[in-house]
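J.:
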Amino acid sequence: MDEKGRVSLPSAFRRGEGEDRFVLLQWEKPYLALFPEAKWEEIEARLADYKKTGPQAMNQVRVLYANLVEVTPDKQGRILIPAGLQQAAALSGSVILLGTNDRVELWDPATYERVVQGGAGDFEQFAYKLFG
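Those letters in the sequence shown? Residues 31 to 162, by my numbering.
(1) Using the beta-carbon count (16 or more within 10 Å), is THR102 buried or exposed?
(2) Using the C-alpha atoms, what's the distance from VAL93 back to ALA68?
(3) Along the chain, which unbroken stretches of the beta strand (DSSP E) at least 3 residues long are found entirely within the stretch 49 to 105?
(4) So, using beta-carbon positions, are ALA17 and LEU62 closer together than 7 Å?
(5) Quick check: the Cα distance between VAL37 and ASN131, rounded to an integer number of angstroms?
(6) In the DSSP assignment, what are the bridge partners of ILE109?
(7) Give me the Cα-Cα distance between TYR80 and SER122, rounded to the nearest whole angstrom.
(8) Could you tell me whether the stretch 99 to 115 touches the stretch 49 to 59, where touching means 3 or more Cβ pairs closer than 8 Å?
(9) When we look at the beta-carbon of LEU128 and count the other beta-carbons within 10 Å, is it buried (16 or more) or exposed?
(10) Where does GLY129 fall in DSSP's three states?
(11) Can you tell me whether LEU136 is helix, strand or coil according to DSSP?
(12) Select from TRP57, LEU64, MET31 and GLN147 the residue whose C-alpha is nearest the C-alpha of PHE43.
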């Protein structure tokens, strides 16, 4: 992440047709999630149903929307991470971009090492169950 809070997205993350807009938020601590616009539209449909379930659900949806931003990569493929989201995910300097199935996760490297690598358990057992 540069001094202005911009992160370069690898071209593989920007490859989808018409996917030049993303939604960035922290829906699960301690990382940020970057959703392509098409995926975010699916989530919005679920949020619309969920908020109808009661006042607490409506307030939860409000909090979620209050803390998300729409971002569009600039010509160099960079997105701006607002200061509040940088602070929420403890991002400064190096950032790990992890492409998952339908989103990109942005992690502080030390937090990633502690939470993900440290909590992965026995990878050989996992891999064997999946690929064996």
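Just so it is clear, CB atoms sit at the ideal spot from N, CA and C, and this is done for glycine as well.
Note that this is a predicted model, so its numbers are computed, not measured.
T.: Let's see:
(1) Under this definition THR102 is an exposed residue.
(2) Using only the alpha carbons, I get a separation of about 22 Å.
(3) Entirely contained in the stretch 49 to 105, the beta strand (DSSP E) runs reaching 3 residues are, in chain order, 52 to 55, 62 to 66 and 99 to 101.
(4) With the chain running from 31 to 162 in the structure shown, residue 17 is simply not present.
(5) Between VAL37 and ASN131, the alpha-carbon positions lie close to 20 Å from each other.
(6) Note: ILE109 sits in a beta bridge opposite VAL37.
(7) Answer to the nearest angstrom: the Cα atoms are 34 Å apart.
(8) Yes, since at least three Cβ pairs between the stretch 99 to 115 and the stretch 49 to 59 fall closer than 8 Å, the two stretches touch.
(9) By the neighbour-count criterion, in which 16 or more other beta carbons inside 10 Å mark a residue as buried, LEU128 falls on the exposed side.
(10) Three-state result, GLY129: strand.
(11) In the three-state DSSP reduction, LEU136 falls in the strand class (E or B).
(12) When only C-alpha atoms are compared, the closest one is LEU64.
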